[in-house]
Amino acid sequence: MYSKFYVIIVFIFSCIYYHANAKANFDMVFTNCTCFSEDPEEMLSRLKCGLSKSVKRPSFNIELQFQKPVIKFFVNMRIVLPRRQGADFTLFNLSGIDGCSLLSNKNQIAFIQLGRKHMDRFSNVPKRCPWPKDVSYYIRGFRADMAAMPAFNFESDMNLWFDLVVNHHKLIRGFIQSKVQRRRSHKNAAGED
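Going letter by letter, the sequence shown gives residues -22 to -1, 1 to 171 in mature numbering (1 follows the signal peptide of the UniProt record, and there is no 0).
See below:
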């Protein structure tokens, strides 16, 4: 009886070890970050999006500043895994998310909570509304923490579209393109040359 129990425990720990190492062997590499504004009410005084200059592991940066306070806003987000054949796989497609609730991390699905918690390390985005005017808000040097993600073992491109909607206008529209790819070990890279 003890030997069966021992085998089950060893099997469980080996599965956990495999999944932990599988995630540790993957990186998310950002390849594009763009945004533009539709600002008929002239709320924005600054908007800048782009990638860092790091060749090894680029991160993305978004900076913005408002000339008027933002009392209430909504967010649209869509993440798609493009496929070479067949229809693209939509990981999630959320529209009309109350931005104030999103900031305070209330009533959210786990994936969004995870993203917000991780983003806090790289940004000064407030946790409540309203957003005062003349304050420079940013997300700088954002890098995905693959160890915090649910277990997976795949490589794929990943596209994220987002909108920040204020007063029924898509004030900011953005696109972030990335790749989830297996990390190359130094031994493997040397062997391929």
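Cβ atoms here follow ideal geometry from the backbone N, Cα and C, with glycine treated the same way. Note that the structure is predicted; figures quoted are calculated from it, not measured.
{"Item": "Taking only the alpha-carbon atoms, compute the straight-line gap between lysine 31 and aspartate 98 and give it to the nearest angstrom.", "Value": "22 Å"}
{"Item": "Does the distance from the C-beta atom of arginine 121 to that of cysteine 13 stay below 8 Å?", "Value": "no"}
{"Item": "Just the Cα atoms here: how many angstroms apart are leucine 59 and glutamate 16?", "Value": "27 Å"}
{"Item": "Taking C-alpha atoms, which residue in Pro47, Lys26, Met6 lies nearest to arginine 35?", "Value": "Met6"}
{"Item": "Mind reading off the beta-carbon distance from leucine 42 to leucine 22? Whole number of angstroms is fine, and I expect it under 8 Å.", "Value": "6 Å"}
{"Item": "Taking only the alpha-carbon atoms, compute the straight-line gap between proline 110 and isoleucine 40 and give it to the nearest angstrom.", "Value": "18 Å"}
{"Item": "Using the beta-carbon count (16 or more within 10 Å), is isoleucine 154 buried or exposed?", "Value": "buried"}
{"Item": "Just to confirm, is the Cβ distance from phenylalanine 52 to serine 156 under 8 Å?", "Value": "no"}
{"Item": "Residue range of the beta strand (DSSP E) that serine 114 falls in?", "Value": "114 to 120"}
{"Item": "Kindly indicate which residue of Ile57, Gly64, Gly28 has the alpha-carbon position closest to the one of phenylalanine 38.", "Value": "Gly28"}
{"Item": "Which of the three DSSP states is assigned to histidine 96 in this structure?", "Value": "helix"}
{"Item": "Span of the beta strand (DSSP E) holding glycine 74?", "Value": "67 to 76"}
{"Item": "Going by other Cβ atoms of all chains shown within 10 Å of its Cβ, with 16 needed for buried, is isoleucine 117 buried or exposed?", "Value": "buried"}
{"Item": "Here's the rule: buried if 16 or more other CB atoms are within 10 angstroms of the residue's CB, otherwise exposed. What is residue 213?", "Value": "Residue numbering for the chain in the displayed model covers -22 to 171; residue 213 lies beyond these limits and cannot be assessed."}
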